[in-house]
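The next block holds one structure in the form of structure tokens; read it before the comments.
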Amino acid sequence: METTFETNMDTQSFKTATQQDACPEWASDMIQKIMLLEVESGTIKNPMEVGGETKWTTAQLEDLAKMASRMDTNSYQDLSAEVEALFLRVAKGLFSEGHSPTTISEMVNRRIPTGCRLPYCSPQEVEDAL
């Protein structure tokens, strides 16, 4: 399955294309923050990288600069704890809005391409977060 990043490197187009699954904007924004944290920590490959060249948007660079600033001032805050907290908020929030664990994992996986065949999360991981 081809991801939106592979077909169109423009971030706005990515957001528009992936919002067709009824993911609320608040959740989509939080999922994008999870992706940025995962890229920053090196957990997943930067999906904006093409042929060794990184294509960052200004908004993403600003988010990463804020995270780096927080890390400096907070003695290297644990990024994985922040990712976990954001994931829990997304899972619980979407579940409270009536989405199933399967639908939630599909929304997350559509927005966080891992750069490999493995999805970012499974329905079971979403259930475990609830």
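The sequence shown lines up with residues 10 to 139 when you count with the numbering used here.
Note that CB positions come from ideal geometry on N, CA and C, so glycine has one too.
Every value quoted in this text rests on a predicted model; they were computed, and no experiment measured them.
> Terminal residues of the continuous alpha helix (DSSP H) containing D38?
Replying inline: First-last of the alpha helix (DSSP H) with D38: E34 to S50.
> In this structure, does DSSP put P122 in helix, strand or coil?
Replying inline: Note: P122 maps to coil in three-state DSSP.
> Around the Cβ of E47, are there at least 16 other Cβ atoms within 10 angstroms (buried) or fewer (exposed)?
Replying inline: Counting Cβ neighbours within 10 Å, E47 comes out buried, since at least 16 surround it.
> Is C125 near V117, with beta carbons less than 7 Å apart?
Replying inline: Not a contact, by the Cβ cut-off of 7 Å.
> Quick one: Cα of L97 to Cα of P110, how far?
Replying inline: The alpha-carbon atoms of L97 and P110 are separated by roughly 12 Å.
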